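Worksheet: one structure, shown below.
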Amino acid sequence: MLIEIHVIQNHSPANLNRDDLGAPKTCLFGGVLRSRISSQCLKRSIRMSDQFKSLLGGVRTRQLARLITDKLGGNADIKKRAEKVLSACGFKPKQTKKGKEDEEGERSKMLVYTSREAIDEMVKLLQEGGESTDNVLPAQFAALISERVAVPDMALSGRMLEPDKSAKEVWKNHDTTVEAALQVAHALSTHEAHPEVDYYVAADDIPGEDAGAGYVDEAMFGSACFYKYLSIHWETLVENLKENKDLAAHTVGALIRSIALTNPTGKQNSFAAHNPPDGMLIQFSSVPISYANAFVDPVRPKGDRAMVSQSIAQLGHYVHDLDVGYGPPLKRFWFSPNLRFRLTALDEKKEMDLADENVKSLDDLVRAVICELGFDWAEVQNEVLKAVVSEEDA
1015 MLIEIHVIQN
1025 HSPANLNRDD
1035 LGAPKTCLFG
1045 GVLRSRISSQ
1055 CLKRSIRMSD
1065 QFKSLLGGVR
1075 TRQLARLITD
1085 KLGGNADIKK
1095 RAEKVLSACG
1105 FKPKQTKKGK
1115 EDEEGERSKM
1125 LVYTSREAID
1135 EMVKLLQEGG
1145 ESTDNVLPAQ
1155 FAALISERVA
1165 VPDMALSGRM
1175 LEPDKSAKEV
1185 WKNHDTTVEA
1195 ALQVAHALST
1205 HEAHPEVDYY
1215 VAADDIPGED
1225 AGAGYVDEAM
1235 FGSACFYKYL
1245 SIHWETLVEN
1255 LKENKDLAAH
1265 TVGALIRSIA
1275 LTNPTGKQNS
1285 FAAHNPPDGM
1295 LIQFSSVPIS
1305 YANAFVDPVR
1315 PKGDRAMVSQ
1325 SIAQLGHYVH
1335 DLDVGYGPPL
1345 KRFWFSPNLR
1355 FRLTALDEKK
1365 EMDLADENVK
1375 SLDDLVRAVI
1385 CELGFDWAEV
1395 QNEVLKAVVS
1405 EEDA
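Here's what the structure looks like:
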């Protein structure tokens, strides 16, 4: 079963996701230029959000040896042992251009994505065993990295880990990958959008004889109404979390809240484009369907309909067409703050609601979705909180 999330979100002037030249990311879609936010950027903002913080159990780092060492008081001998063991696991030190090992702590060539639980166990193994045990530690570390993966962020985004081939025997019979339960599309503007240039100056508070600007530069930005699409495979999420359905339901609820309440951080100090969605469509289905093609023909304001309302109207007509052509989903929820906008379409000259349930608040949306999964949102939160407290006490 899939839980699909479709979002219409308008952003005031911003540069949320930049390319290598510092310009807002773009792409061609429907033959015209669109603003774009990469899926990596969206996933990162969700993963690091306040709403998702309590579920953040994974760590991505090239400094795993330093992280382990810091937990043991920064002992230099322990650090050397940790580096040696991790190197034997296939996470060899990064080499500088001169062929020397990196001295700034970025010890491994690749990011190692593992759980905090696994790291704590590695610390114990190093602490309890002497150097005589270092020959068996690589296999134990590999087992921990492979098996201790039941954390929400890793369960959603998955993991692709490729240790150095020299450690092939260490990883024998250990799986390095985690199949992602979450798919995220690049966000696209529903309309044609071209980056603009902001010419700005900084004044010198003590100008002296020169009354000119102390600094002159340009920055690129844009404003766009975005369509976002995410899809959660429920069974894969539950499997990744070792059949902990309460935690899986809590993960879905936290994800929905973070999608609505979190934005990418790019240039936010300069633009403060903290704009929540105007509409969220969540549906349960067996086949993944993106509604991005609702905007192949770029949205243009029409009559008394501005960009956001016209985008939602265009989405509604496309959703209805696909319902007629391919059949409706199992269940559909529509949320717009205070039902500011409705998701409707004309059917035989009669306007019809496309959602099985319309909700006015984000809390109501989360409760409805979690209820559809067979859980009570408040109870799920309490169960996960109890589990966290018991782990901390242990």
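Okay, so the sequence shown: first residue is 1015 according to the working numbering, each after it adds one.
Glycine residues also receive a C-beta, built at the ideal position from the N, C-alpha and C atoms.
If you're wondering where the values come from, they're calculated on a predicted model, not measured in any experiment.
- Looking at the DSSP output, I1051 bridges to A1201.
- Contact between P1209 and P1342 does not hold, since their C-beta atoms are separated by about 38 Å, which reaches or exceeds 8 Å.
- Three or more beta-carbon pairs separated by less than 8 Å link the region 1339-1354 to the region 1288-1299, which places the two stretches in contact.
- Apart from sequence neighbours up to five positions away, the residues of its chain that approach N1352 with a beta-carbon distance below 7 Å are K1374, ordered along the chain.
- Around Q1154, the same chain offers L1139 as residues with beta carbons nearer than 7 Å, after the five sequence neighbours per side are excluded.
- Here L1030 is near G1280, since their CB atoms are less than 8 Å apart.
- Shown here, R1095 sits in a helix according to DSSP, grouped into three states.
- Rounded to the nearest angstrom, the gap between the Cα atoms of V1394 and R1061 is 20 Å.
- Taking a contact to require three or more Cβ pairs closer than 8 Å, the region 1218-1228 and the region 1238-1257 do not qualify as touching.
- Counting only runs of 4 or more residues that sit fully inside the region 1026-1092, the alpha helix (DSSP H) segments are 1053-1061 and 1078-1085, in chain order.
- For Y1127, DSSP records a beta bridge to R1074.
- Excluding residues up to 5 positions away in sequence, R1050, S1052 and S1053 lie with their Cβ nearer than 6 Å to the Cβ of H1200 in the same chain.
- Looking at the DSSP output, I1273 shares a beta bridge with no other residue.
- DSSP places N1307 in the helix class (H, G or I) of the three-state scheme.
- A residue is called buried when at least 16 other Cβ atoms come within 10 angstroms of its Cβ; G1104 meets this threshold and is buried.
- In the structure shown, L1244 adopts extended strand secondary structure according to DSSP, grouped into three states.
- Rounded to whole angstroms, the separation of the alpha carbons of K1094 and L1255 is 33 Å.
- Counting only the Cα atoms, K1085 lies some 52 Å from V1310.
- According to DSSP, residue pairing for G1236 in a beta bridge involves A1028.
- The shortest CA-to-CA distance from A1268 to any of C1041, I1384 and A1028 is the one to I1384.
- Taking the CA atoms as reference points, Q1065 sits about 15 Å from L1261.
- Under the three-state reduction of DSSP output, E1161 falls in the helix class.
- Under DSSP, H1020 forms a beta bridge with Y1243 and L1295.
- Bounds of the beta strand (DSSP E) holding L1360 are T1358 to D1361.
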